[in-house]
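**Student:** Residue numbering for the sequence shown follows the UniProt record's numbering, beginning at 1 and increasing consecutively.
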Amino acid sequence: MSCRNIKKRLSAYQDRELSSDEQARIKSHLQGCPECSALYADFQHTWEMLGEVPEIDPAQTFYLELRKKIAGFNDRHFISRLRQVFQFLPAPLTTATLVLAGLVIGTYAGNFFFQESLISHQGLQPRFSRLDVSLASIRTFDPIPPGTLAHGYVRMASYKGSAH
């Protein structure tokens with residue numbers, strides 16, 4: 001057996017969960033392989049240390065409180081509060097409000113993170129072509145590792161003719 005297979009079975013070997021034939025093969029391997037025997041010694045030391053840890057008796061109400069906390073994760077307080085806020089508004093108005101809020105927050109976040117507006121404020125004319133915008137968006141992931149799909153796309157998109 002290879003060291004790789006032995007290492008996968010060391011825990012089962014220690015717990016005596018393997019057949020007697022496999023137990024014997026692993027035991028033989030451990031006697032001849034210092035790396036695997038050192039790993040097995042670490043396993044044994046860990047189990048010995050765990051055996052010395054005293055068992056903790058939980059309080060009588062521990063499991064009841066644990067069940068309540070687990071059940072509490074299913075409560076969606078935020079969603080129920082949001083539903084209470086919007087329950088008096090008609091569905092289309094609620095949807096429009098949420099979409100508008102998303103657009104405002106998205107625009108603010110975009111301007112905050114990129115610190116550059118893609119549309120000039122004079123006549124609302126675009127300063128960049130679609131190609132420049134797509135190149136700029138790909139370049140946010142710089143450095144682009146050579147040989148990747150993004151690297152190939154940047155090379156193709158920025159190709160201006162043969163210069164060679």
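Glycine residues also receive a C-beta, built at the ideal position from the N, C-alpha and C atoms.
Does the contact criterion of 3 or more C-beta pairs under 8 Å hold for the segment 39–46 versus the segment 11–25?
**Tutor:** yes
**Student:** Classify C3: buried if its beta carbon has 16 or more other beta carbons within 10 angstroms, exposed otherwise.
**Tutor:** Exposed, since its Cβ has fewer than 16 Cβ neighbours within 10 Å.
**Student:** Nearest-angstrom Cα distance between Y63 and I70?
**Tutor:** Rounded to whole angstroms, Y63 to I70 spans 10 Å at the Cα level.
**Student:** Quick check: the Cα distance between R67 and K7, rounded to an integer number of angstroms?
**Tutor:** 38 Å
**Student:** When the Cα atoms are used, what is the spatial distance from D21 to I56?
**Tutor:** Those two C-alpha atoms are separated by around 39 Å.
**Student:** Which residue spans inside the segment 84–115 form an unbroken alpha helix (DSSP H) run of at least 4?
**Tutor:** Note on the segment 84–115: whole alpha helix (DSSP H) runs with a minimum of 4 residues are 91–114, in chain order.
**Student:** Under 8 Å between the Cβ atoms of M49 and H29?
**Tutor:** No, the Cβ-Cβ distance between M49 and H29 is not below 8 Å.
**Student:** For N5, which three-state DSSP category applies?
**Tutor:** Three-state DSSP puts N5 in a helix.
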